[in-house]
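full-length UniProt numbering applies: residue 1 is where the sequence shown begins, and numbers increase by one. Glycine included, each C-beta is placed from N, C-alpha and C at the ideal position. Contents: one structure, followed by commentary.
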Amino acid sequence: MDDEPTRSSAYHTTRSAAGSTIVSLHGELDLLAVSAISAALDTLTAVSRPDVVLDLRPVSFIDCSGLGLLCRAQSRVRARHGRLRLVTPASTFRRLLRCAGLGGAFEVHPDLAEALADGTPVARAAASRG
1 MDDEPTRSSA YHTTRSAAGS TIVSLHGELD LLAVSAISAA LDTLTAVSRP
51 DVVLDLRPVS FIDCSGLGLL CRAQSRVRAR HGRLRLVTPA STFRRLLRCA
101 GLGGAFEVHP DLAEALADGT PVARAAASRG
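Encoded structure:
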């Protein structure tokens with residue numbers, strides 16, 4: 001019998017850069033993964049003005065419980081007047097957000113450098129015009 005799992009195990013890594021906490025989520029964000037990762041995200045979003053970047057580039061799959069995890073993190077960050085950014089170049093993930101009615105709910109960036117840049121994209125555009 002093959003002991004190798006058919007699905008990739010989810011895990012996360014955390015580091016700091018440019019005043020933000022970067023959490024790289026890996027594998028599949030499904031019901032099993034969410035239960036393992038939610039406590040860590042709750043801790044990171046419990047502080048005043050959390051600044052969190054969720055790097056979703058290594059995520060291979062996300063289901064409704066994974067979307068719920070992202071929504072919970074967003075809600076906790078907003079309640080504490082912080083900032084949450086998602087990093088994913090995948091157009092399929094952006095489409096999933098739109099289909100779930102979450103198209104405008106998150107600040108989504110195609111790469112980590114853009115996500116870590118100071119200010120929101122709107123603020124940067126206004127500053128460059130002024």
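Option nearest residue i by Cα separation, candidates the options
i	options	result
R76	T45, T92, P58	T45
A33	Y11, A18, A79, V47	Y11
T21	C99, L29, D42, L31	D42
C64	L102, L54, L112	L102
R57	A73, R85, Q74, A117	R85
Cβ distance (whole Å) where residue i is taken to contact residue j below 8 angstroms
i	j	result
H26	V59	7 angstroms
D51	R80	That belief does not hold up - the Cβ atoms of D51 and R80 are roughly 10 angstroms apart, past 8 angstroms.
Interface flag, residue i vs chain B, CB-CB below 8 angstroms
i	result
G101	No chain B appears in this structure, which consists of one protein chain only.
Coil, strand or helix - residue i by DSSP
i	result
M1	No answer about M1 holds up, because its pLDDT of 39 lies below 50 and its placement is not dependable.
Report task. Starting from the N-terminal side, write out each stretch of the alpha helix (DSSP H) that is 4 residues or longer and does not extend beyond the UniProt domain "STAS" (10-119). Result -> 31-44, 64-79, 91-99, 112-116
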